[in-house]
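These notes are about the structure you will find just below.
Number of protein chains: 2
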Amino acid sequence: MTMPARMLRLLSLLQSRREWSGAELAERLGVTDRTVRRDVDRLRELGYPVDASPGTGGGYRLASGRDLPPLLLDDDEAVAVAVGLLTAPGGGVRGIEETSARALAKLEQVLPARLRHRVAAVSEVTLPITLAKGTRTDPAVLAVVAAACRDHELLTFDYESREGAPSSRRVEPHHLVTVHGLWYLVAYDPERADWRTFRVDRVTAPTPTHRRFSPRRLPAEDAATYLDRTLAAAPYRYDAVATVAAPASVVLERMIGPSRSRVEPLGARRCRVRLGGDTLEIVAQRLLSLLALDVDLTLDGPAEVLDHLHATGRRLAELAATGSTKRDSATKASTQAGTGPGDGA
Amino acid sequence: MTMPARMLRLLSLLQSRREWSGAELAERLGVTDRTVRRDVDRLRELGYPVDASPGTGGGYRLASGRDLPPLLLDDDEAVAVAVGLLTAPGGGVRGIEETSARALAKLEQVLPARLRHRVAAVSEVTLPITLAKGTRTDPAVLAVVAAACRDHELLTFDYESREGAPSSRRVEPHHLVTVHGLWYLVAYDPERADWRTFRVDRVTAPTPTHRRFSPRRLPAEDAATYLDRTLAAAPYRYDAVATVAAPASVVLERMIGPSRSRVEPLGARRCRVRLGGDTLEIVAQRLLSLLALDVDLTLDGPAEVLDHLHATGRRLAELAATGSTKRDSATKASTQAGTGPGDGA
DNA sequence: ACCCTTCCGGACAGGACCTGTCCGGAAGGC
DNA sequence: GCCTTCCGGACAGGTCCTGTCCGGAAGGGT
């Protein structure tokens, strides 16, 4: 085994278990214990501190240093990391998803083929079940898109709009943002001379051209804010607006699916909340979390939505009072599969 | 720069950008291009294939090979990976969380101190907001526990039970499982001569003794199943049972918070669902997703719960019909903060 | 078809550095 | 006090690493 290979192996061993004795390491690496000592020294010189304790039960262990040593992951761990990144929770922290995507791109680029399908399989099962099927983001697609963002490379891909209309795009990719397990690409489309957002799960065959572009300024503070605005402006299948006798901050804290721009303060003690969703069930869920605040509420929306909510409320009351309820054809629309929040593209 | 250090730097460069020309690499590494070529060859011999393309715009790029090369992450990426692992989605895949925890232990062991607080800060904001505050799992604690599982080391820690009673434990840690962003440790407690589950967010000061133990057989197929059973048996603050005129598989697919053992088939076309939760709001949410199935339902539960659901249903119906509703003191209990599913310890 | 740019890899010489062997020393645990 | 472990200097032999040459092959653009 060559020396650099041995160093990596050593790092790998030190990462895979808490503590190793010099003799064990020497045997595993096929060298003298003196050489192990030298290798450990080399690691230390590289800036990866290795603690050692003498005496019975002593040994070497990797400590945390100034910067992160190369991570040597086994197959399972690599899959776990990929899945973790893929389902990266978005909300709040500026740019965290961006970084998740970048890390995923890094990993995906070198992920052995045999692990690819495992990542896909696991993320299949593991993604929030509130998402409809068919909205699963393909890690490979996401990785390509993320790499294009990172390298400021023009990106071409096929896209299927929310209404199902296919198109071919050639855009300047800028940022990736995730909301509730859905990934969105914020990009500038030179052909349409405007900014667009794309749902990554509706992107197919992304191919990085090798052409670089110089990033333009996004017409917003940051990508998350921009996306939030775009989504808030997007038409939903079903929509309703509630006015709540509680401060915006309280509502934001308790409502599921926290989208800043859904909640609009009306003075210090009241606010207005947009409940839009692509299924009536989602609208009802959102409303329920407002009801749970137990404050005065008013509601405004199309008859279709109000009717459904009314029927749902009646069924709930009936169920609780009498112990049973029959199916109600008026609520049928809510059983169709959800497709998540819409997009502006 | 020594040769192994240079190899690592080369790997890092190749991972950080899509493509590099030989000349660029030579300059970055401070060696001749001939040496770069030799280094690239060395990488290939280590089993990390590097694609190269000649001609204008050509260069070197890392390809995927038989196994994963050492990952060289920058600060941000390391934080993203840690957070991704910490919020690892559980559901379904056998042992995936276990692996996530192992990978996290690996990472946490070598994570520079300055990044620790960033991981904590990000996961603070980023964890499912449906979780009450104070149920955030400390990555450092989780990492220690995971390492103890991995190394089969006896673990001591302080624990605060669900009722708030403190105790000191000394257990044989076996498995980690996560449900909805909460981590559970399944362990054998020799002092009590029985298996126990612990919520990791209620564990403090975990310290691995260096004493090894030989794992005993868990009284279940796997840890997830065991936990599921334990949680299903655990008393909830509020509880109710619904009988649904739909196959169990359909319900499992559509209900939020899929816990296998919550849903019990009654023949092929009906099933019984346990709606237990620690807030009335959670119970109502669960019930709502059953209502959305739009099938016949019956409900059974304590008057306290039924009353609340009745009131909620009435308020919902009223709101939808008249456009407004007043606060209702009968539903007050639902505004208390949730604490997530209970545990059996 | 031509040229330019890029990757490729053999040969060679000088010197750096790596390894095993031997050793005396220090520090923790029983 | 004994054992086990880590520690690091000295030394000799030989590996192998690096820079410098070079001719060759393969894309891409004009």
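Sequence order for the protein chains is Z and P. 269 is the number that the working numbering gives to position 278 of the first sequence; each next residue is one higher, with no gaps. 275 is the number that the working numbering gives to position 284 of the second sequence; each next residue is one higher, with no gaps. For each residue, glycine too, the CB sits at the ideal point set by N, CA and C.
Min CB distance residue 322 (chain Z) to chain P below 8 Å: Counted from its first residue, the first sequence places residue 322 (chain Z) at position 331. Here the model assigns residue 322 (chain Z) a pLDDT of 44, short of 50, so the residue's position is not dependable, and the following value carries that caveat. At least one chain P Cβ lies under 8 Å of residue 322 (chain Z).
Contacts that residue 93 (chain P) makes with chain Z (C-beta to C-beta distance below 7 Å): Position 102 of the second sequence, counted from the first residue, corresponds to residue 93 (chain P). Within 7 Å Cβ-Cβ: 68.
Kindly identify the DSSP beta-bridge partner or partners of residue 268 (chain Z). Position 277 of the first sequence, counting from 1, holds the residue named residue 268 (chain Z). Looking at the DSSP assignment, residue 268 (chain Z) forms a beta bridge with Z:229.
DSSP three-state call for residue 151 (chain P): helix, strand or coil? Numbered from 1 along the second sequence, position 160 holds the residue referred to as residue 151 (chain P). Here residue 151 (chain P) sits in strand by DSSP.
Within 10 Å of its beta-carbon, does residue 210 (chain Z) have 16 or more other beta-carbons around it, so buried, or fewer, so exposed? The residue labelled residue 210 (chain Z) in the question sits at position 219 within the first sequence. Exposed, because fewer than 16 other Cβ atoms sit within 10 Å of the Cβ of residue 210 (chain Z).
What is the DSSP secondary structure of residue 28 (chain P), counted as helix, strand or coil? Here the question's residue 28 (chain P) lines up with position 37 in the second sequence. In the three-state DSSP reduction, residue 28 (chain P) falls in the helix class (H, G or I).
Residue 316 (chain P) - partner residues in DSSP beta bridges: Against the second sequence, residue 316 (chain P) aligns to sequence position 325. DSSP, once it has assigned bridges, lists Z:288 as partnering residue 316 (chain P).
Tell me, please, which residues DSSP counts as bridged to residue 262 (chain P). Counting from 1 along the second sequence, the entry for residue 262 (chain P) is found at position 271. In DSSP, residue 262 (chain P) forms a bridge with P:235, P:256.
Taking only the alpha-carbon atoms, compute the straight-line gap between residue 106 (chain P) and residue 86 (chain Z) and give it to the nearest angstrom. Start at 1 with the first residue of the second sequence, and residue 106 (chain P) comes out as number 115. Start at 1 with the first residue of the first sequence, and residue 86 (chain Z) comes out as number 95. Each residue's alpha carbon lies about 16 Å from the other.
CA-CA distance, residue 269 (chain Z) and residue 52 (chain Z)? Residue 269 (chain Z) sits at position 278 when you count from the first residue of the first sequence. Residue 52 (chain Z) sits at position 61 when you count from the first residue of the first sequence. Distance between the alpha carbons of residue 269 (chain Z) and residue 52 (chain Z) is about 53 Å.
Got a sec? Which residues, its chain only, sit under 8 Å from residue 242 (chain P) by beta carbon, not counting five neighbours each side? Numbered from 1 along the second sequence, position 251 holds the residue referred to as residue 242 (chain P). Excluding residues within five positions, the ones whose Cβ falls inside 8 Å are 235, 254, 262, 264, 281, 284.
Buried versus exposed, by CB contacts within 10 Å (16 or more), residue 317 (chain Z): Residue 317 (chain Z) sits at position 326 when you count from the first residue of the first sequence. Label assigned to residue 317 (chain Z): exposed.
With three or more beta-carbon pairs closer than 8 Å as the criterion, would you say the region 145 to 163 of chain P touches the region 61 to 75 of chain P? Contact between the region 145 to 163 of chain P and the region 61 to 75 of chain P is absent, because fewer than three Cβ pairs lie under 8 Å.
Can you list, in chain order, the residues of the region 49 to 68 of chain P whose Cβ is nearer than 9 Å to any Cβ on chain Z? Cβ contacts with chain Z: 52, 53, 54, 55, 56, 57, 58, 59, 60, 61, 62, 63, 64, 65, 66, 67, 68.
With a cut-off of 8 Å on the beta carbons, I'd call residue 132 (chain Z) and residue 191 (chain Z) a contact; round off their distance for me. As a position in the first sequence, residue 132 (chain Z) is number 141, starting the count at 1. As a position in the first sequence, residue 191 (chain Z) is number 200, starting the count at 1. Sure, about 6 Å apart at Cβ, within 8 Å.
Does residue 50 (chain Z) come out as helix, strand or coil in the three-state DSSP assignment? Here residue 50 (chain Z) refers to the residue found at position 59 of the first sequence. Residue 50 (chain Z) falls in the strand class under three-state DSSP.
Would you mind stating whether residue 20 (chain Z) and residue 31 (chain Z) have Cβ atoms separated by less than 8 Å? Counting from one through the first sequence, the residue named residue 20 (chain Z) turns up at place 29. Counting from one through the first sequence, the residue named residue 31 (chain Z) turns up at place 40. Result no, Cβ atoms of residue 20 (chain Z) and residue 31 (chain Z) do not sit closer than 8 Å.
Say the cut is 7 Å; is the CB of residue 299 (chain P) nearer than that to a heavy atom of the ligand GTP? No copy of the ligand GTP occurs in the structure displayed, which carries no ligand at all.
Residues of its chain near residue 160 (chain Z), where Cβ-Cβ distance is below 7 Å and the 5 sequence neighbours each way are ignored: Translated into positions along the first sequence, residue 160 (chain Z) becomes position 169. Here the set comprises 147, 148, 150, 180.
State the Cα-Cα distance for the pair residue 199 (chain P) and residue 140 (chain P), rounded to the nearest angstrom. Locating residue 199 (chain P) in the second sequence gives position 208, where the first residue counts as 1. Locating residue 140 (chain P) in the second sequence gives position 149, where the first residue counts as 1. In this structure, the alpha-carbon of residue 199 (chain P) lies about 10 Å from that of residue 140 (chain P).
Do the region 163 to 170 of chain P and the region 108 to 117 of chain P meet, that is, are 3 or more Cβ pairs less than 8 Å apart? Short answer: they don't touch.
Using beta carbons (cut-off 8 Å, strictly below), is residue 295 (chain P) in contact with chain Z? Locating residue 295 (chain P) in the second sequence gives position 304, counting from the first residue. No, because no Cβ of chain Z sits closer than 8 Å to the Cβ of residue 295 (chain P).
Note down, in chain order, each residue of its chain lying with its Cβ closer than 6 Å to the Cβ of residue 77 (chain P), except the 5 sequence neighbours on either side. The residue labelled residue 77 (chain P) in the question sits at position 86 within the second sequence. Contacts found: 114, 130.
From the DSSP output, in three-state form, read off residue 217 (chain Z) for me. Residue 217 (chain Z) sits at position 226 when you count from the first residue of the first sequence. Correct three-state label for residue 217 (chain Z): helix.
Spatially closest choice to residue 286 (chain Z) from Z:233, Z:301, Z:308, by CA coordinates: The residue you call residue 286 (chain Z) lines up with position 295 of the first sequence. In terms of Cα proximity to residue 286 (chain Z), the closest of Z:233, Z:301, Z:308 is Z:233.
Would you kindly report the start and end of the unbroken alpha helix (DSSP H) that includes residue 65 (chain Z)? Looking up residue 65 (chain Z) in the first sequence gives position 74. Counting along the chain, residue 65 (chain Z) falls outside any alpha helix (DSSP H), and DSSP gives it neither H nor E.
Name the residue from Z:183, Z:196, Z:197, Z:176 whose alpha carbon lies nearest to the alpha carbon of residue 189 (chain Z). Within the first sequence, residue 189 (chain Z) is the residue found at index 198, counting from 1. Relative to the Cα of residue 189 (chain Z), the nearest Cα in the group Z:183, Z:196, Z:197, Z:176 belongs to Z:176.
Pairwise C-alpha distance: residue 89 (chain Z) and residue 238 (chain P): In the second sequence, counting from the first residue as 1, residue 238 (chain P) sits at position 247. In the first sequence, counting from the first residue as 1, residue 89 (chain Z) sits at position 98. Spanning the two alpha carbons is a distance of roughly 41 Å.
With a Cβ-Cβ cutoff of 8 Å, do residue 231 (chain P) and residue 279 (chain P) count as a contact? Here the question's residue 231 (chain P) lines up with position 240 in the second sequence. Here the question's residue 279 (chain P) lines up with position 288 in the second sequence. A distance of 8 Å or more separates the beta carbons of residue 231 (chain P) and residue 279 (chain P).
Chain-ordered neighbours of residue 286 (chain Z) on chain P, where CB pairs are closer than 8 Å: The residue given as residue 286 (chain Z) occupies position 295 in the first sequence. Within 8 Å Cβ-Cβ: 318.
Under 8 Å between C-beta atoms, does residue 158 (chain Z) make it to chain P? For this step, residue 158 (chain Z) is matched to residue 167 along the first sequence. No, because no Cβ of chain P sits closer than 8 Å to the Cβ of residue 158 (chain Z).
With which residues is residue 33 (chain P) paired in a DSSP beta bridge? Residue 33 (chain P) sits at position 42 when you count from the first residue of the second sequence. None, per the DSSP bridge assignment.
Helix or strand or just coil, what does DSSP make of residue 159 (chain P)? For the purposes of this step, residue 159 (chain P) is taken as residue 168 along the second sequence, with counting starting at 1. In the structure shown, residue 159 (chain P) sits in a strand (DSSP, three-state: E or B).
Work out the CA separation of residue 92 (chain P) and residue 186 (chain P) for me, nearest whole Å. Position 195 of the second sequence holds residue 186 (chain P). Position 101 of the second sequence holds residue 92 (chain P). A straight-line Cα-Cα distance of about 20 Å links residue 186 (chain P) and residue 92 (chain P).
Leaving out five residues on either side along the sequence, give the residues of the same chain with a beta carbon under 6 Å from the beta carbon of residue 214 (chain Z). Within the first sequence, numbered from 1, the residue matching residue 214 (chain Z) stands at position 223. So the list reads 166, 168, 177, once near-sequence residues are dropped.
On the DSSP bridge list, what partners appear for residue 170 (chain Z)? Mapped onto the first sequence, residue 170 (chain Z) falls at position 179. According to DSSP, residue 170 (chain Z) shares a beta bridge with Z:173.
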